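Below: one structure, written as structure tokens.
In my numbering, the protein residues as written are 32 to 649.
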């Protein structure tokens, strides 16, 4: 028993040490931590939330110490074994304490918590040893803080041996203590009983996303980044040679004044362009087809990825995933970035996000809070499990109805994003619709028709609202279905082909466009349509003024889709094709190669150096 009590004592002291470092971190970075002066309930909640992140990483770090403590009891009687435990505890904790304290100052330069790329920085040159004494002298308060923490941790690392008489009762007691201790250890290391262990993107959920860098600690960010795929930093050109010069993007608005129209973005799960009757000869989506005929429709739109987790930041924040790790779960998720939610919130919009799944699904909850959405509505908020599909979340029809009811009570102007989910394997329908929709050639066809039907009921529910005619509806898909029944889409490019259209009941936006578009163009296009003229950062371009191009990356392959051909890039090998199947190879276009290199360079630098908004770019 004494060993577990000793372990708890050590962890409590470490929590105090990390808390003291966090106080220094806040005081040293007040100029970079927005709204820290707002001492309200959310501010005090961040203390509780920060303890959650601290406890999680401390248990991971000290897992080996925990294992040593539960070894057979007789080993603890030997002085060498107790010294080994003490040495192990010190050697695994002191380096992380040092790194956590380094971040107190390093945050000033990086504006994000240290991740694994910091290790590359340390070993990049051979001058670390030479400059270390100067740093120690310059930042002497941190040195004093560290030595004080070392003194505390050294003082409590030893424990007294406890003789235990072996009996059935003592063995049973030991087993019980072990089970309880191990269970609590696992829960603490996961950060709670939620669906998935906490990650960097989850910081700020309990308090406020603006406090995420306070909630986090350096060891947590560092260790969680080790298994993430870091971006290569490309250096093809100097800044003036980039084509185009990707920097702050200022809207050349199609409207002269900001209109304050409501904005509703609807992301339909797996709605491939192939499934939309407007583009093809079938009747899977009669309602979507009817809307498109009254909308501004883009005939050549491509997703920037193949997963929902990649679509959400691309659509709402114009951030594509051009790495093997989705932005939401990457080491760059804590970067500062603007989004439709944060931009429109600053203009007085009420912002909300709807997804019928659990909060743990794909890190959506953490991302939308970080992106600046005011309200999140999911399975937990819906709170009626009779409409639960048993796998992913709430069926589309009832959740669309829930969405409509929430919008009716939302103050104008509002921006809201809805993410459907029913058209996702295993493709289950509510029992009452078991034989209503055509089965189709693929299992997903029936669910596409159900989602289309659910969308129609949503519009029927809201079409008589006063705000309906003052709303821009954007409807697209998160990605395509992995299976296709149409040979025209059974290829590498067709796999990314999705619908996109802007529907305005007042007919202010109408017609067809053949310009090549993509997810990351949605944000700048909407801001353009609203008449937004302030500077903002975007990887995409407004569809009203853009050149014709789209980009995605799959594993090591970059793909740039333009009217001059489809450019593929693996490592530094470039090849161009004239067809979606990538069979008819044509001569490389130098402008396309330069464009792709420029985009790769700007993207990598923007991510690595936290340059995803105007403030940081300047």
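Beta carbons: idealized from backbone N, C-alpha and C, even for Gly.
Bear in mind that the values here come from a model prediction, so they are computed numbers and not experimental data.
ask   = Is residue 600 helix, strand or coil by DSSP?
value = The DSSP-derived three-state label of residue 600 is strand.
key: Among 35, 498 and 226, the one whose alpha carbon lies nearest that of residue 98   = 35
query = With distances taken from CA atoms, which of 378, 146 and 334 is nearest residue 564?
reply = 378
ask   = Any chance the region 453-462 sits against the region 479-487, with 3 or more Cβ pairs inside 8 Å?
value = These segments touch.
query = Which class does residue 406 belong to by DSSP, given the choice of helix, strand or coil?
reply = Strand.
inquiry  = Tell me the DSSP secondary structure of residue 540 in three-state form.
reply    = coil
ask   = Just how far apart, CA to CA, sit residue 132 and residue 407?
value = 34 Å
ask   = Can you tell which of 376, 433, 467 and 402 has the C-alpha that lies nearest to the C-alpha of residue 235?
value = For residue 235, the nearest C-alpha among the options comes from 402.
inquiry  = Given a cut-off of 7 Å on the beta-carbon distance, is the pair residue 544 and residue 329 in contact?
reply    = yes
query = In the region 568-626, which residue ranges form an unbroken beta strand (DSSP E) of at least 3 residues, counting only runs that do not cross its ends?
reply = 580-585, 588-593, 596-601 and 604-608
Residue 515 burial status per 10 Å Cβ neighbour count (16 or more: buried) = buried
task = With residue 244 as the anchor, note down where its alpha helix (DSSP H) starts and where it stops.
result = Residues 243-246.
ask   = Within the chosen definition, does the region 551-559 reach the region 358-367 through at least 3 CB pairs nearer than 8 Å?
value = no
task = Could you check if residue 43 is buried or exposed, using at least 16 other CB atoms within 10 Å of its CB as the buried criterion?
result = exposed
key: Range covered by the beta strand (DSSP E) that runs through residue 448   = Its beta strand (DSSP E) spans residues 445-450.
ask   = Can you find at least 3 beta carbon pairs, one from the region 420-432 and one from the region 482-498, that sit closer than 8 Å?
value = yes
ask   = Using the rule of at least 16 other Cβ atoms within 10 Å of the residue's Cβ for burial, across every protein chain shown, is residue 115 buried or exposed?
value = exposed
request  = With residue 382 as the anchor, note down where its alpha helix (DSSP H) starts and where it stops.
outcome  = It is not in any alpha helix (DSSP H) - residue 382 instead sits in the beta strand (DSSP E) that spans 381-386.
task = Output the boundary residues of the alpha helix (DSSP H) element that contains residue 534.
result = Looking at the DSSP string, residue 534 is not in any alpha helix (DSSP H); the run it does join, the beta strand (DSSP E), is 531-534.
query = Given a threshold of 16 other Cβ atoms within 10 Å of its Cβ, counted over all protein chains shown, does residue 495 qualify as buried or as exposed?
reply = exposed
query = Would residue 469 be called buried (16 or more neighbouring beta carbons within 10 Å of its own) or exposed?
reply = exposed
ask   = Are the Cβ atoms of residue 644 and residue 369 separated by less than 7 Å?
value = Yes, they are a contact pair.
Runs of beta strand (DSSP E) wholly within the region 282-327 (minimum 3 residues, chain order) = 293-299
ask   = Is the beta carbon of residue 250 sitting closer than 7 Å to the one on residue 84?
value = For residue 250 and residue 84, no; Cβs fall outside 7 Å.
query = Can you name, in chain order, every residue of its own chain whose Cβ lies under 7 Å from the Cβ of residue 76, other than the five neighbours on each side?
reply = 237 and 238
key: alpha helix (DSSP H) runs contained entirely in the region 453-508, provided each spans 4 or more residues   = Entirely contained in the region 453-508, the alpha helix (DSSP H) runs reaching 4 residues are, in chain order, 474-493.
task = Tell me residue 81's beta-bridge partners as DSSP assigns them.
result = DSSP lists no partner for residue 81.
message = Taking its Cβ as the centre, do 16 or more other Cβ atoms sit within 10 Å of residue 248, making it buried, or is it exposed?
response = buried
request  = Can you tell me which of the three DSSP states residue 513 falls into?
outcome  = coil
ask   = For residue 47 versus residue 135, is the C-beta spacing smaller than 7 Å?
value = No, they are not a contact pair.
message = Suppose contacts are defined by Cβ-Cβ distances below 7 Å. Is residue 354 in contact with residue 262 by that definition?
response = Yes; because the gap between Cβ atoms is below 7 Å, this pair is in contact.
Inter-stretch contact at 8 Å, needing at least 3 Cβ pairs: the region 620-629 / the region 525-542 = Judged by Cβ distances under 8 Å, the region 620-629 makes no contact with the region 525-542, as fewer than three pairs qualify.
message = Can you tell me whether residue 532 is buried or exposed? The criterion is at least 16 other CB atoms within 10 Å of its CB, across all chains shown.
response = buried
query = Given residue 87, which residues of its chain have a CB within under 8 Å of its CB, disregarding the five upstream and five downstream residues?
reply = 219, 220, 221, 222, 228, 229 and 251
key: DSSP state of residue 59 mapped onto helix, strand, coil   = helix
ask   = Smallest Cα separation from residue 233: which of 581, 591 and 395?
value = 395
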